[in-house]
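So in my numbering, the last one in the sequence shown is 172, and the numbering has no gaps at all. Note that beta-carbon positions come from the ideal geometry of N, C-alpha and C, so glycine has one too. As the structure is a prediction and not an experimental result, all values here were calculated from the model. Single-structure report; data block below.
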Amino acid sequence: MYALVYISEADQLFEPSTLQALADNANRRNRLLSITGFLTYKEGQFLQYLEGGEKAVNDLMNTIQNDPRHTVIKVIKIPGQPQRYLNGWHMRYLSGLDLKSVSLDDLLAGTLNKLDSKIYSEEKVLQLVQRILIRFSRYFEDNPQAFFPPL
Ligand SMILES: Cc1cc2nc3c(=O)[nH]c(=O)nc-3n(C[C@H](O)[C@H](O)[C@H](O)COP(=O)(O)O)c2cc1C
22 MYALVYISEA DQLFEPSTLQ ALADNANRRN RLLSITGFLT YKEGQFLQYL
72 EGGEKAVNDL MNTIQNDPRH TVIKVIKIPG QPQRYLNGWH MRYLSGLDLK
122 SVSLDDLLAG TLNKLDSKIY SEEKVLQLVQ RILIRFSRYF EDNPQAFFPP
172 L
């Protein structure tokens, strides 16, 4: 399994409905590519996590990077990803409310800040992302109905 996470700055205003539409389209495309992941948006910054085959994920990352609606700031490849964490989540938009329900909003805000700053090591950021993934996959196993059903 190959995985990466990136952050980007939005170059336009994204309303919740625009974000949901973006994720719905991504979900449809990613399903065909066996890619899973999540997308979050906070104060003009995206954090997206993608997992799947190496070529599929890198090709998609290239497409996303060329999207004029945002500017990618940093891409971090996650080394030695042991498993697919987000089975069935081809692209889930996680709203602030979703993140709050798993007490992840503070964690995510911290991750965004650390990704944005040059001070923190990639290793620290990876640890945080790993914590997010594990927290999500556990929570989702315990509460399969917690979020809206997969599309
Ligand atoms: C923040 C962000 C995340 C995106 N995530 C995905 C994604 O996971 N999968 C996908 O197919 N497109 C995603 N897109 C859209 C692609 O960049 C691109 O617009 C889409 O694949 C359609 O490309 P095309 O119109 O050139 O065919 C994302 C766009 C943005 C701005």
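- Task: State yes or no: is the C-beta of Q102 within less than 8 Å of the C-beta of A24?
- Result: yes
Answer with yes or no whether the minimum CB distance from N83 to chain C is below 8 Å.
Here chain C cannot be found, since the structure has a single protein chain.
For this session: Taking 8 Å as the cut-off, decide whether the C-beta atoms of T61 and L120 are in contact.
Result: Result yes, Cβ atoms of T61 and L120 sit closer than 8 Å.
(Q) Going by the DSSP bridge assignment, what does S63 pair with across the sheet? (A) Residue identity differs from the one stated: residue 63 is Lys in this sequence, not Ser. Q66.
- Item | Contacting residues, own chain, Cβ-Cβ under 6 Å from L40 (five flanking each side not counted) | Within the same chain, and ignoring the five residues on either side of L40 in sequence, the residues whose Cβ sits closer than 6 Å to its Cβ are Y62 and Y114.
**Request:** Compute the Euclidean distance between the alpha carbons of E64 and R159, then round it to the nearest angstrom.
**Result:** In this structure, the straight-line span from the alpha carbon of E64 to that of R159 is close to 27 Å.
Within 8 Å, do at least three Cβ pairs link the stretch 48-56 to the stretch 71-80? Contact between the stretch 71-80 and the stretch 48-56 is present: three or more C-beta pairs spanning the two stretches fall below 8 Å.
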